[in-house]
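**Student:** Let me begin by handing over the structure; questions about it come next.
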Amino acid sequence: MASPFRIFRKHQKVLIVVAGVALLIVWLLGDALTNLAFRISGQGRDSSYAKEVVATYQGGKFTRDDISKLIMRRAALRTFLQRAYQAGLQKTEGKVTLAVQPVVNFNYRGEEPNLEQEVVHTQIQYEMAEAAGISISNDAINNYLKEVCLRSLSTAELNQIASNLRFGNQQVPIKLLFDELRRELMIVNYMRSQFFALTNVLPEQRWTDWQLLNDRIELESVDLPASQFLANIKEPKEAELRALYEQYKDSEPIPDQAYATDLPSPKPAFKIPRTVRLDTLEINYNDVAATLAEEVTDEEIEAYYETHKETDFVKTDLGVEPIEEDHSADDPESSLPPTSDPTAGESQPVPTTPQEPASDASTPVETPESNGTPPEPTPSKPDETPISGGEPPEPAQPKSVEYQPLDDGLRDTIRQSIASDRVGERMGKIIQDILAAMKPAYDAYESKVTDAEIDGTELPTPPDYPLDQIIEKHNLQRKQISDVSIYDLRDITPLGQSRDLETQLPLYQLMFIEKGFYRPINTVDLFGRHEFIVLKTNDSPARVPTFDQARDDIVRTWKMQLASEMALTRAKELASAVREADLPLDAYFAGKEDTRVNLTGQFAQLELDVQGLSIHLSQPYGIDAAGPEFMREVFAMEPGEVKALLNHDRSAAYVVRLIRRARDKKQLKQDFLSETDRWPGILALRRFRYNQAIMAYQQQVIADAQLEWLITPDQRFE
Numbered sequence: 062m063a064s065p066f067r068i069f070r071k072h073q074k075v076l077i078v079v080a081g082v083a084l085l086i087v088w089l090l091g092d093a094l095t096n097l098a099f100r101i102s103g104q105g106r107d108s109s110y111a112k113e114v115v116a117t118y119q120g121g122k123f124t125r126d127d128i129s130k131l132i133m134r135r136a137a138l139r140t141f142l143q144r145a146y147q148a149g150l151q152k153t154e155g156k157v158t159l160a161v162q163p164v165v166n167f168n169y170r171g172e173e174p175n176l177e178q179e180v181v182h183t184q185i186q187y188e189m190a191e192a193a194g195i196s197i198s199n200d201a202i203n204n205y206l207k208e209v210c211l212r213s214l215s216t217a218e219l220n221q222i223a224s225n226l227r228f229g230n231q232q233v234p235i236k237l238l239f240d241e242l243r244r245e246l247m248i249v250n251y252m253r254s255q256f257f258a259l260t261n262v263l264p265e266q267r268w269t270d271w272q273l274l275n276d277r278i279e280l281e282s283v284d285l286p287a288s289q290f291l292a293n294i295k296e297p298k299e300a301e302l303r304a305l306y307e308q309y310k311d312s313e314p315i316p317d318q319a320y321a322t323d324l325p326s327p328k329p330a331f332k333i334p335r336t337v338r339l340d341t342l343e344i345n346y347n348d349v350a351a352t353l354a355e356e357v358t359d360e361e362i363e364a365y366y367e368t369h370k371e372t373d374f375v376k377t378d379l380g381v382e383p384i385e386e387d388h389s390a391d392d393p394e395s396s397l398p399p400t401s402d403p404t405a406g407e408s409q410p411v412p413t414t415p416q417e418p419a420s421d422a423s424t425p426v427e428t429p430e431s432n433g434t435p436p437e438p439t440p441s442k443p444d445e446t447p448i449s450g451g452e453p454p455e456p457a458q459p460k461s462v463e464y465q466p467l468d469d470g471l472r473d474t475i476r477q478s479i480a481s482d483r484v485g486e487r488m489g490k491i492i493q494d495i496l497a498a499m500k501p502a503y504d505a506y507e508s509k510v511t512d513a514e515i516d517g518t519e520l521p522t523p524p525d526y527p528l529d530q531i532i533e534k535h536n537l538q539r540k541q542i543s544d545v546s547i548y549d550l551r552d553i554t555p556l557g558q559s560r561d562l563e564t565q566l567p568l569y570q571l572m573f574i575e576k577g578f579y580r581p582i583n584t585v586d587l588f589g590r591h592e593f594i595v596l597k598t599n600d601s602p603a604r605v606p607t608f609d610q611a612r613d614d615i616v617r618t619w620k621m622q623l624a625s626e627m628a629l630t631r632a633k634e635l636a637s638a639v640r641e642a643d644l645p646l647d648a649y650f651a652g653k654e655d656t657r658v659n660l661t662g663q664f665a666q667l668e669l670d671v672q673g674l675s676i677h678l679s680q681p682y683g684i685d686a687a688g689p690e691f692m693r694e695v696f697a698m699e700p701g702e703v704k705a706l707l708n709h710d711r712s713a714a715y716v717v718r719l720i721r722r723a724r725d726k727k728q729l730k731q732d733f734l735s736e737t738d739r740w741p742g743i744l745a746l747r748r749f750r751y752n753q754a755i756m757a758y759q760q761q762v763i764a765d766a767q768l769e770w771l772i773t774p775d776q777r778f779e
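One rule links them: number in the working numbering = place in the sequence shown (from 1) + 61.
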């Protein structure tokens, strides 16, 4: 079924999620527009479709009509807040940032994913907030709205935005918008009151967390890939294969996550995931810089040189004086303090301190105090005091400044610098030119799509973009990407992680939220070295293959399960032999050419990213897919201990021996107590645990409500 969220896009492109507003008016205005809504959905007015119960929970049930109304209310509020926020941005010229948490995703233009599930979960949370006595005053609502519009709009302007929220000639009631905002704020406050308890960290947990980042060990290991045991496994029986297929045919290959780290899952999965097909144009920083460098003239280079030579091109003397050999270790007297008179060959007294005897006990050293002569005053500027009574030295003459010559090498350097300064502007112009060239074709195509969805006719042919001319004009790289899952797209660098400039979502997420085809989307990578124009040209839903289609995958999965057990059994045998020999692994396996002993180097269970803002599970060198269970086992070992362990996805078994700990337990505890709450990574780890606790709590809320879906929700988004 076509998504109703696309029907009026051609009329309100930037700010309005129009389908939600349309559905809202359907609810408010009655039969005439309700008939249109059912026409869009393919259902007759007199059918029982709207009254069908689609979910039950402890507090009642949800019909299709209930969920539609919740979606309408959410869409209306989202549109209102979106308009207020955009008006505030325009008035403040983008100089003020949002200071409140969006209760709905009003600063994101695209369709919200999993919307049916979202509104049902929200309703359950609202009922809990209401039962807990949470209330929101009118002042709180008004203050929230002031922050949404960045404190730049008057009450009259906000009311005008609300009153302009229309469908045809009908206005959306302002009271409904305020009631919906009150409802969302009640949920936020209730959930925050629950989350407060999650910020507490008990001393035992703090000690555990500290060890995760600071207890470091070093292993030696030998790996036994499960694949090398496949030849020893007999062919499975048909019944065994069919049983495995039935058990996992609906499972998609989704990686496991541990401490924000993706790990290959050991769980079989035969379902073919949803995939998208993309057509991309890349604007490469280096290519644009090379083109701009060719455009730089000699006159520009010379002008740049004259402007910057005082700061950038001063010739520096990098010569160094020869360093004499230091023989002080051989000559004890060479370490004595320097005398006041550098004249060679004259004996000078050596100052001493009361704690140290004179270097020659038989010769007393005279001091001003001992001979009665008063000390001479110390000059205020010893550097200017003549050593032998002569005239003060002449002041140093300023050295003449020399500049690097403007030779071919320096010209190339300046050329590249000028080009680099112009790259950002040129890339922006290229993007604008591409989007302007594609806009007419896309607008015409989108209008035809809208008409086809309303009329239920066949979708139009793709827009006729002048891609060949665009590529030739701007010297772009074109790449077509066929049928990638969300995880495959994420791993295509730098494209998958590049971010959409409108939504700030990474492309790999956006492409599985965006439902339209052929809309030009501009993304840029983290460092601004690559910009992309991306078109989604196909979207294939997840599907379950037949047994015959999946047979090869099923056979290999069945064999790998047995092979991993064989690998672990063999690893245990080797570990026992190593323990009996009481040898390090490198000594035990010395001379065995088919066995390689790996040294991991020191590692902790968790590592910080470069910025120190987030954590991830360590992946020690030579250990493939070391999961949390593997980590717990090896960090519980004592130096010299040997174990046999499987990695996370059971694709390999390892014989591991703990070589050493960087610090023993006693030293770890002393260091922990001395660092208290100042150690690197504490904020990142607390933030991670807090977010994990929030997610767990939200899931528990839904579980406690005993929510049960009688349909598969959000199918219209597939």
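Heads up, the beta-carbon is just placed ideally off N, CA and C, and yes, glycines get one too.
For GLU463, does the three-state DSSP call read helix, strand or coil?
**Tutor:** For the purposes of this step, residue 463 is identified with residue 402 of the sequence shown, where counting begins at 1. In this structure, GLU463 counts as coil in the three-state DSSP scheme.
**Student:** Should the stretch 706-722 be regarded as contacting the stretch 318-337, the criterion being three or more beta carbon pairs within less than 8 Å?
**Tutor:** The stretch 706-722 vs the stretch 318-337: in contact.
**Student:** Mind checking whether ASP600 and SER559 have CB atoms under 8 Å apart?
**Tutor:** Reading the sequence shown from its first residue, position 539 is the one you call residue 600. Reading the sequence shown from its first residue, position 498 is the one you call residue 559. Not closer than 8 Å, so no.
**Student:** Out of ALA723, ASP512 and GLU245, point me to the one whose CA is closest to ILE185's CA.
**Tutor:** The residue you call residue 185 lines up with position 124 of the sequence shown. Taking only the C-alpha atoms, the option nearest ILE185 is GLU245.
**Student:** For LEU305, collect the residues of the same chain with a Cβ closer than 7 Å to its Cβ; drop the 5 residues on either side in sequence, then sort them by chain order.
**Tutor:** Against the sequence shown, residue 305 aligns to sequence position 244. PRO329, ILE615, THR618 and TRP619, listed in sequence order.
**Student:** For the alpha helix (DSSP H) holding GLU208, just list the boundary residues, first then last.
**Tutor:** Position 147 of the sequence shown, counting from 1, holds the residue named residue 208. From DSSP, the alpha helix (DSSP H) with GLU208 extends over 199-209.
**Student:** By a C-beta neighbour count over all protein chains shown, 10 Å radius and 16 as the cutoff for buried, is TYR682 buried or exposed?
**Tutor:** Counting from one through the sequence shown, the residue named residue 682 turns up at place 621. That one is exposed.
**Student:** Suppose you measure from the CA of ALA745 to the CA of LEU259; what does that come to, to the nearest Å?
**Tutor:** In the sequence shown, residue 745 corresponds to position 684, counting from 1. In the sequence shown, residue 259 corresponds to position 198, counting from 1. Approximately 15 Å, taken between the alpha carbons.
**Student:** Short of 8 Å in beta carbon distance, which residues of its chain neighbour ALA568, apart from the five on each side in sequence? Order them along the chain.
**Tutor:** In the sequence shown, residue 568 corresponds to position 507, counting from 1. First, the amino acid is wrong: residue 568 is Leu here, not Ala. Answer for LEU568: LEU550, LEU556, GLY557, GLN558, SER559, ARG560, ASP561, ILE582, THR584, PHE593 and VAL595, listed in chain order.
**Student:** Should MET692 be labelled buried (16 or more other beta-carbon atoms within 10 Å of its own) or exposed?
**Tutor:** What you label residue 692 is simply residue 631 of the sequence shown in a count that begins at 1. By the neighbour-count rule (16 or more Cβ atoms within 10 Å), MET692 is buried.
**Student:** Which residue marks the beginning of the beta strand (DSSP E) containing ASN250, and which one marks its end?
**Tutor:** The residue you call residue 250 lines up with position 189 of the sequence shown. Segment 235-256 is the alpha helix (DSSP H) holding ASN250; no beta strand (DSSP E) there.
**Student:** With burial defined as no fewer than 16 other Cβ atoms inside 10 Å of the residue's Cβ, what is the status of PHE588: buried or exposed?
**Tutor:** What you label residue 588 is simply residue 527 of the sequence shown in a count that begins at 1. It is exposed - the Cβ of PHE588 has fewer than 16 other Cβ atoms within 10 Å.
**Student:** Buried or exposed for PRO436, going by 16 or more other Cβ atoms inside 10 Å?
**Tutor:** On the sequence shown, position 375 is the one that residue 436 refers to. Note that PRO436 scores 47 on pLDDT, short of 50, meaning its location in the model is unreliable and no value can be drawn from it.
**Student:** Measuring alpha carbon to alpha carbon, tell me which of ALA201, SER213 and SER109 ends up nearest LYS152.
**Tutor:** Position 91 of the sequence shown, counted from the start, is the residue given in the question as residue 152. Residue SER213 is the option with its Cα nearest to LYS152.
**Student:** Does the distance from the C-beta atom of VAL639 to that of VAL717 stay below 8 Å?
**Tutor:** Position 578 of the sequence shown, counting from 1, holds the residue named residue 639. Position 656 of the sequence shown, counting from 1, holds the residue named residue 717. Going by C-beta atoms, VAL639 is not nearer than 8 Å to VAL717.
**Student:** Please classify PRO524: is it buried, with 16 or more other beta-carbons within 10 angstroms of its beta-carbon, or exposed?
**Tutor:** Within the sequence shown, the letter at position 463 stands for residue 524. Buried, because 16 or more other Cβ atoms sit within 10 Å of the Cβ of PRO524.
**Student:** Report yes or no: do the stretch 135-152 and the stretch 200-210 share at least 3 C-beta pairs separated by less than 8 Å?
**Tutor:** At 8 Å Cβ cutoff, the stretches touch.
**Student:** Looking only at C-alpha atoms, which of MET247, LEU623, GLN565 and LYS236 sits nearest to LEU291?
**Tutor:** Your numbering for residue 291 matches position 230 in the sequence shown. Checking every option, the nearest Cα to that of LEU291 belongs to LEU623.
**Student:** Quick check on the burial criterion: 16 or more other C-beta atoms within 10 angstroms. Buried or exposed for PHE664?
**Tutor:** The count along the sequence shown starts at 1 and reaches residue 664 at position 603. That one is buried.
**Student:** If PRO340 sits next to THR183, beta carbons under 8 Å apart, how far is it from one beta carbon to the other, in whole angstroms?
**Tutor:** As a position in the sequence shown, residue 340 is number 279, starting the count at 1. As a position in the sequence shown, residue 183 is number 122, starting the count at 1. In the sequence as presented, Pro is not what sits at residue 340; that position holds Asp. The pair is not a contact, with the Cβ atoms about 37 Å apart (cut-off 8 Å).
**Student:** Comparing alpha-carbon positions, which option in THR140, TYR506, LYS156 and THR773 lies nearest ALA219?
**Tutor:** If you number the sequence shown from 1, residue 219 lands on position 158. Position check: residue 219 holds Leu in this sequence, whereas Ala was assumed. Per the Cα distances, THR140.
**Student:** Report the rounded CA-to-CA distance for ARG262 versus PRO163, giving the unit in angstroms.
**Tutor:** Along the sequence shown, one-based indexing puts residue 262 at 201. Along the sequence shown, one-based indexing puts residue 163 at 102. Note that residue 262 is Val in the sequence shown, not Arg. When rounded, the distance between both Cα atoms is 28 Å.
**Student:** Determine whether the beta carbon atoms of ARG137 and LEU237 lie at a separation below 8 Å.
**Tutor:** For the purposes of this step, residue 137 is taken as residue 76 along the sequence shown, with counting starting at 1. For the purposes of this step, residue 237 is taken as residue 176 along the sequence shown, with counting starting at 1. What sits at residue 137 in the sequence shown is Ala, not Arg. Yes, they are a contact pair.
**Student:** Hey, quick one: how far does the beta strand (DSSP E) through HIS591 stretch, first residue to last?
**Tutor:** On the sequence shown, residue 591 is found 530 positions in, with the first residue counted as 1. 591-601 is the extent of the beta strand (DSSP E) around HIS591.
**Student:** Short check: CB of PHE41 to CB of TYR320, under 8 Å?
**Tutor:** Residue 41 is absent from the model: the chain starts at 62 and stops at 779.
**Student:** HIS182 by DSSP, collapsed to three states: which one?
**Tutor:** Taking the first residue of the sequence shown as position 1, residue 182 is located at position 121. Residue state, collapsed to three classes: helix.
**Student:** Ends of the alpha helix (DSSP H) at VAL616?
**Tutor:** By 1-based counting over the sequence shown, the position of residue 616 is 555. Element bounds for VAL616: 608-642.
**Student:** What residues are listed by DSSP as bridge partners for TRP770?
**Tutor:** As a working note, residue 770 is residue 709 in the sequence shown. According to DSSP, TRP770 bridges with ALA116.
**Student:** Between the stretch 645-658 and the stretch 722-729, do at least 3 Cβ pairs fall closer than 8 Å?
**Tutor:** Result no; under three Cβ-Cβ pairs closer than 8 Å.
**Student:** Pick out whichever of PHE608, LEU280 and TYR548 has its Cα sitting closest to the Cα of PRO700.
**Tutor:** As a first step, residue 700 is located in the sequence shown; it is residue number 639 there, counting from the start. Of PHE608, LEU280 and TYR548, the residue nearest in Cα terms is LEU280.
**Student:** Use the C-beta contact count for ALA300: other C-beta atoms within 10 angstroms, 16 or more gives buried, fewer gives exposed.
**Tutor:** Indexing the sequence shown from 1 puts residue 300 at position 239. Under this definition ALA300 is an exposed residue.
**Student:** Can you tell me which of GLU188, SER288 and TYR649 puts its alpha carbon nearest to the alpha carbon of TYR118?
**Tutor:** Mapped onto the sequence shown, residue 118 falls at position 57. For TYR118, the nearest C-alpha among the options comes from GLU188.
**Student:** Identify every residue that forms a DSSP beta bridge with LEU176.
**Tutor:** For the purposes of this step, residue 176 is identified with residue 115 of the sequence shown, where counting begins at 1. DSSP output for LEU176 lists no bridge partner at all.
**Student:** In terms of residues, what are the limits of the alpha helix (DSSP H) holding VAL510?
**Tutor:** Here the question's residue 510 lines up with position 449 in the sequence shown. Its alpha helix (DSSP H) spans residues 469-516.
**Student:** Helix, strand or coil for PHE696? Go by DSSP, reduced to three states.
**Tutor:** Here residue 696 refers to the residue found at position 635 of the sequence shown. Residue state, collapsed to three classes: helix.
**Student:** Please name the residue, chosen from GLU694, LEU678, ALA766 and ASP670, that lies closest to PRO741 on a Cα-to-Cα basis.
**Tutor:** Numbered from its first residue, the sequence shown carries residue 741 at position 680. If we check each option's Cα against that of PRO741, ASP670 comes out closest.
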